[in-house]
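Numbering (mature numbering (1 follows the signal peptide of the UniProt record, and there is no 0)), first residue to last: -29 to -1, 1 to 231. Even for Gly, the Cβ is constructed at its ideal location relative to N, Cα and C. Keep in mind it's a predicted model, so treat the numbers as computed, not measured. Working notes, beginning with the structure itself.
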Amino acid sequence: MRRFSTVRSAWRQAILLAAVLLLAACAHAPAHNPLATWVPSPNQDIRRPVLIVVHYTDQHSAQESLDTLRTANSGGPVSANYLIGSDGHIYQLVSDERRAWHAGPGHWGTITDVNSASIGIELDNDGHSPFAQPQIDNLLRLLADLTTRLHIPRTQIVGHQDFAPSRKPDPGPLFPWKQLADAGFGLWPQGTLIDPPAGFDPWMAMGLIGYPLEDRPAAVKAFHNHFRGIDGDTLDAEDLRILYNLAQQIESGSNTRTAS
């Protein structure tokens, strides 16, 4: 009887092990449509983001932001792929291949579903204070990693306000876009700025860069925050020189530098 019990226990353990292995195999099996016959091809890759969006949290601490990014804010459930504390600590909340809920409505150029096409990075900042240097240093480290590993063009880094200028102010005029540009990230004026030729259309240039133009004063304010660190919602002569420079970069293809 004892021997029979031992054999039965061994069988039970074997069945449990087989069940565990089967579940593990199913967990790693790719999902496919039951309406179709699954004939897998090796010619594939994960869906990759093509844009990186920088935000500020407008909260009081990294811990408060971590709590919010795992629950909700006044608009409902919200998240980001990464959060960087003011001390430079990097937290990841959503894997790179998953769609974090950080962008909301808006569009950048032809990208109309920004969440699906982007990596969202939140910075622990109240929106009124300078960004801490350890935070920016590690943002640069993270940008180098993401653009290299995910093959995102280094110019494809924008702020939340850039593609949603009527709704969002972040990362605001205090964000050091020039420091990012000096490290090789983001679209930025290059060389000497010159007056554009007669007939130059600044709105066409803004649209070419990616700015939505449904609310033009809001778009100009976002442009000012990003490229000049100033307020204001009307274009001036310096804006036209910057826009002409950026448009020339885009038209010549010199703004598509990627990680080496």
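Secondary structure at Leu145: coil, using DSSP grouped into helix, strand and coil.
For Ala88, the closest of Val10, His195 and Arg19 by C-alpha to C-alpha distance is Arg19. Shown here, Gln15 sits in coil according to DSSP, grouped into three states, outside any helix or strand. According to the DSSP secondary-structure assignment, Glu222 is paired through a beta bridge with no residue. When the alpha-carbon of Gly77 is set against those of Gly203, Ser32 and Asp186, the nearest one is in Asp186. Remark: C-beta atoms of Gln104 and Leu94 do not approach each other more closely than 8 Å. In the DSSP assignment, Gly130 falls within the beta strand (DSSP E) that extends over Ile128 to Gly130.
Three or more beta-carbon pairs separated by less than 8 Å link the region 125 to 145 to the region 190 to 201, which places the two stretches in contact. Boundaries for Ser32: no alpha helix (DSSP H) harbours it, and the DSSP string shows neither H nor E there.
Ranked by Cα distance from Asp172, the options Leu164, Lys192, Tyr215 and Gly162 are led by Tyr215.
In this structure, Leu151 and Ile82 do not form a Cβ contact; the two beta carbons are roughly 20 Å apart against a cut-off of 8 Å. In this structure Ala115 is not in contact with Gly91, their Cβ atoms being roughly 17 Å apart against a cut-off of 8 Å.
Contact between Ala33 and Gly47 does not hold, since their C-beta atoms are separated by about 22 Å, which reaches or exceeds 8 Å. Under the 10 Å beta carbon count, Gly130 is surrounded by 16 or more other beta carbons and is classified as buried.
Only buried fits Ile180, as 16 or more other CB atoms lie within 10 angstroms of its CB. Per DSSP, Leu54 is one residue of the beta strand (DSSP E) stretching across Tyr53 to Ile55. By the C-beta density criterion, Ala43 is exposed, having fewer than 16 other C-beta atoms within 10 angstroms.
In the DSSP assignment, Leu94 falls within the beta strand (DSSP E) that extends over Ser89 to Leu94.
Residue pairing of Ala43 in beta bridges, as defined by DSSP: Pro48. When only Cα atoms are considered, Met177 and Arg138 end up about 18 Å apart. According to DSSP, Val25 shares a beta bridge with Ile92 and Gly130. Taking the CA atoms as reference points, Gly170 sits about 14 Å from Ala218.
With respect to the C-alpha of Asp210, the residue from Thr8, Asp58, Trp174 and Ala51 having the closest C-alpha is Trp174. Bridge partners of Ile82 according to DSSP: Trp79.
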